[in-house]
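Everything on this sheet refers to the single structure shown next.
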Amino acid sequence: MAGMQLFTVGHGTTPQADFVELLRWAGVESLVDVRIGPGSRKHPHFGKDSMEAWLPEAGIAYRWEKELGGFRRLLPDSPDTSLRNDSFRAYAGYMRTPEFEAALKQLLAEADRQRTAIMCSETVWWRCHRRLISDHCTLLHGVHVRHLMPGPKLVDHAVTSGSRVLDGQLRYDAPTG
Numbered sequence: 000m001a002g003m004q005l006f007t008v009g010h011g012t013t014p015q016a017d018f019v020e021l022l023r024w025a026g027v028e029s030l031v032d033v034r035i036g037p038g039s040r041k042h043p044h045f046g047k048d049s050m051e052a053w054l055p056e057a058g059i060a061y062r063w064e065k066e067l068g069g070f071r072r073l074l075p076d077s078p079d080t081s082l083r084n085d086s087f088r089a090y091a092g093y094m095r096t097p098e099f100e101a102a103l104k105q106l107l108a109e110a111d112r113q114r115t116a117i118m119c120s121e122t123v124w125w126r127c128h129r130r131l132i133s134d135h136c137t138l139l140h141g142v143h144v145r146h147l148m149p150g151p152k153l154v155d156h157a158v159t160s161g162s163r164v165l166d167g168q169l170r171y172d173a174p175t176g
């Protein structure tokens, strides 16, 4: 998958028109929603049903991928000891499941065909599970991940400290300095 790119974006409080312009600026053709619950009471235009209408009208494909959603259960024997945040540790463990692998395979196939971004609600990637998905794509699949930020600007993904590949799986147990 050398040469493939994947983008990430967080919608935050962005108005709908500005969000479309941000995606267009980056040339995004397809948006994959990786929220476990694809809705927003404060910003209803970011609800799944709304996005299924207005994104295609803007020329951008949309789909929700529940199996890439965050908020997973933390296993008591999690090996991901270099991650301090329990929700990140839980998601790191989830990334070693067949459900995650199948959903990621579909995402990467899509990204290989068209310019694709994954989206969650958190504006900044380093406080979102997009960070861990990005680590996985970078370290295990050689994908060039770029984070779409307000400005607009693109930031190349920086792999999380303490991550390593062990027996073909991503672990967060390496000493951090």
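Using numbering that gives the first Met the number 0, read the sequence shown as starting at 0 and increasing by one per residue. Virtual Cβ for every residue (Gly too), placed ideally from N, Cα, C.
Does residue i come out as helix, strand or coil in the three-state DSSP assignment?
i	result
L30	strand
R72	coil
I132	helix
M50	helix
K152	strand
A16	helix
H42	coil
H146	strand
L21	helix
T7	strand
L82	coil
T175	coil
Along the chain, where does the alpha helix (DSSP H) containing residue i start, and where does it finish?
i	result
G92	85 to 93
L106	97 to 112
Straight-line CA distance for residue i to residue j?
i	j	result
T77	A91	Note on identity: in this sequence residue 77 is Ser, with Thr being the wrong assignment. When rounded, the distance between both Cα atoms is 9 angstroms.
H146	V8	6 angstroms
Q168	A101	14 angstroms
L73	A89	4 angstroms
L30	T115	6 angstroms
G11	V142	25 angstroms
V144	C136	7 angstroms
E20	L165	40 angstroms
M148	H156	12 angstroms
K104	P37	21 angstroms
F18	E51	14 angstroms
L107	D48	24 angstroms
Which term fits residue i, buried or exposed, when burial requires 16 or more other beta carbons within 10 angstroms of its beta carbon?
i	result
G2	exposed
R83	exposed
T159	buried
A110	buried
L131	buried
D134	buried
D32	buried
G69	buried
Within 6 angstroms: the Cβ of residue i and any heavy atom of the ligand ATP?
i	result
F6	Absence of the ligand ATP is noted for the structure shown, with no ligands found whatsoever.
Along the chain, where does the beta strand (DSSP E) that runs through residue i open and close?
i	result
V164	162 to 165
M118	115 to 119
Does residue i come within less than 7 angstroms of chain C when only Cβ atoms are used?
i	result
G92	Absent here is chain C; the protein component of the structure consists of one chain.
What are the partner residues of residue i, as DSSP defines its beta bridges?
i	result
A60	S29
L169	V164
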